[in-house]
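One structure below.
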Amino acid sequence: MKILIVEDEEGLREALIRTLTGEGYLADGAKDGDEGYTMICTGLYDLVLLDIMLPVYDGLEVLRRIRHQKISVPVILLTARSTVKDKVDGMDLGADDYLTKPFAMPELLARIRMVMRRGTADGTDNRIKAGDLLLDTQTYMLSCTGNTRSVRLGAKEYQLIEYLMRNADQVLSRNQITQRVWGYDADAEYNNVDVYVSFLRKKMKFVQSKAKIISVRGVGYELESSAT
Ligand code: CA
Numbered sequence: 019m020k021i022l023i024v025e026d027e028e029g030l031r032e033a034l035i036r037t038l039t040g041e042g043y044l045a046d047g048a049k050d051g052d053e054g055y056t057m058i059c060t061g062l063y064d065l066v067l068l069d070i071m072l073p074v075y076d077g078l079e080v081l082r083r084i085r086h087q088k089i090s091v092p093v094i095l096l097t098a099r100s101t102v103k104d105k106v107d108g109m110d111l112g113a114d115d116y117l118t119k120p121f122a123m124p125e126l127l128a129r130i131r132m133v134m135r136r137g138t139a140d141g142t143d144n145r146i147k148a149g150d151l152l153l154d155t156q157t158y159m160l161s162c163t164g165n166t167r168s169v170r171l172g173a174k175e176y177q178l179i180e181y182l183m184r185n186a187d188q189v190l191s192r193n194q195i196t197q198r199v200w201g202y203d204a205d206a207e208y209n210n211v212d213v214y215v216s217f218l219r220k221k222m223k224f225v226q227s228k229a230k231i232i233s234v235r236g237v238g239y240e241l242e243s244s245a246t
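Going by the numbering used here, the first residue of the sequence shown is number 19, and it counts up by one from there.
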């Protein structure tokens, strides 16, 4: 799962990135409203932590713009101001949750888990489903409905299959996958994607899933959830 932190206070931004990375999330930072908006529009993020008081334009304006663009990524607002009006405005604009600074990291992590859980199929467990494939977002176990085999994934395998499953039956470009799993700054070779896809194919075969990762020539990959 990849999180974007839009926060102009460098110290806090860096601390959040470190904490989230330590918890196994992928995290990037943006330092103002314009950069945040542009990064959210790439569609690479599963969750946004959005500060309200930001340079260029503020967090509420970022939220207004992304919801206007029909971008439905979950957003948790962060702010030093805890006025009722801000809270109401933020929720009206489509924020999913709201956290007043200063906050304790465990509280933030709990809110993130709660917001992400709402996004899963039935809201009752930590699993993402695509076709017969099941991925546990807490334990990194990959399994398949209808049999008892399961296999634990490494961190990159997990990030890759999670991205493919959340976008099942859509073609994802190599570039999107590389940026998403290895990050903007990573000097990952493109063929890393192929290597990890081959690991995942073996594991999907092991759990006897009918879903397939198909190569789309000259573009990238697609998780075909209902392959027969
Ligand atoms: Ca700020």
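Think of the CB as a built atom: it goes at the ideal place given N, C-alpha and C, for glycine as much as any other residue.
task: With DSSP as the reference, please indicate the residues paired to SER168 in a beta bridge.
output: BP columns for SER168 point to SER161.
field: Residue burial classification, SER227 (beta-carbon count within 10 angstroms, cutoff 16)
entry: Taking all protein chains shown into account, SER227 has 16 or more neighbouring C-beta atoms within 10 Å of its C-beta and is therefore buried.
field: Of the listed residues LEU67, GLN194, GLU28, nearest to THR118 (C-alpha basis)
entry: Among LEU67, GLN194, GLU28, the Cα nearest to that of THR118 is on LEU67.
- prompt: Helix or strand or just coil, what does DSSP make of LYS228?
  reply: Coil.
message: In chain order, what are the residue ranges of uninterrupted beta strand (DSSP E) at least 3 long that sit wholly in the segment 24-84?
response: For the segment 24-84, whole beta strand (DSSP E) runs of length 3 or above, ordered along the chain, are 44-48, 65-69.
query: Shortest alpha-carbon distance to SER191 belongs to which of ASP154, ILE231, ASP114, VAL225?
result: Nearest of ASP154, ILE231, ASP114, VAL225 to SER191, Cα basis: ILE231.
- prompt: Hey, which residues come within less than 6 Å of ligand 1, measuring from Cβ to any heavy atom, in chain order?
  reply: Selection around ligand 1 by beta-carbon proximity, strictly under 6 Å to any non-hydrogen atom, yields ASP26, GLU27, ASP69, MET71, LEU72 in chain order.
- request: Please report the residue range of the beta strand (DSSP E) in which ILE89 lies.
  value: That residue, ILE89, is in no beta strand (DSSP E); it is neither H nor E in DSSP.
- request: Out of ALA122, GLY77, GLY51, point me to the one whose CA is closest to GLY108's CA.
  value: If we check each option's Cα against that of GLY108, GLY77 comes out closest.
Top-ranked residue by Cα proximity to LYS88, from VAL199, GLU175, LEU111: Among VAL199, GLU175, LEU111, the Cα nearest to that of LYS88 belongs to LEU111.
- request: Pick out whichever of VAL189, ALA173, TYR176 has its Cα sitting closest to the Cα of GLY238.
  value: Put simply, of VAL189, ALA173, TYR176 the residue whose alpha carbon is nearest the alpha carbon of GLY238 is VAL189.
- prompt: Apart from the five residues just before and just after VAL80, which ones in its own chain have a Cβ nearer than 8 Å to its Cβ?
  reply: Contacts found: VAL24, GLY51, GLY54, TYR55, ILE58, LEU68, LEU72.
- prompt: Out of GLY236, GLU240, GLN197, which has the shortest C-alpha to C-alpha gap to LEU218?
  reply: Comparing C-alpha distances from LEU218 to each of GLY236, GLU240, GLN197 shows the shortest one belongs to GLU240.
query: With which residues is ASP154 paired in a DSSP beta bridge?
result: In the DSSP assignment, ASP154 is bridged to ARG145.
Rounded straight-line distance, which links the Cα of TYR181 to that of LEU151: So the alpha carbons of these two residues sit roughly 13 Å apart.
- request: Output yes or no for whether 8 Å exceeds the beta carbon distance between VAL199 and LEU178.
  value: In this structure, VAL199 sits near LEU178, with a CB-CB distance shorter than 8 Å.
field: Cβ separation of ILE70 and ASP104, assumed to be a contact under 8 Å, to the nearest whole Å
entry: Going by Cβ atoms, the distance from ILE70 to ASP104 rounds to 6 Å, so yes, they are a contact pair.
- prompt: So what's GLY238 in DSSP terms, helix, strand or just coil?
  reply: In the structure shown, GLY238 sits in a strand (DSSP, three-state: E or B).
query: Who does LYS20 pair with in a DSSP beta bridge?
result: Partner(s): LEU44.
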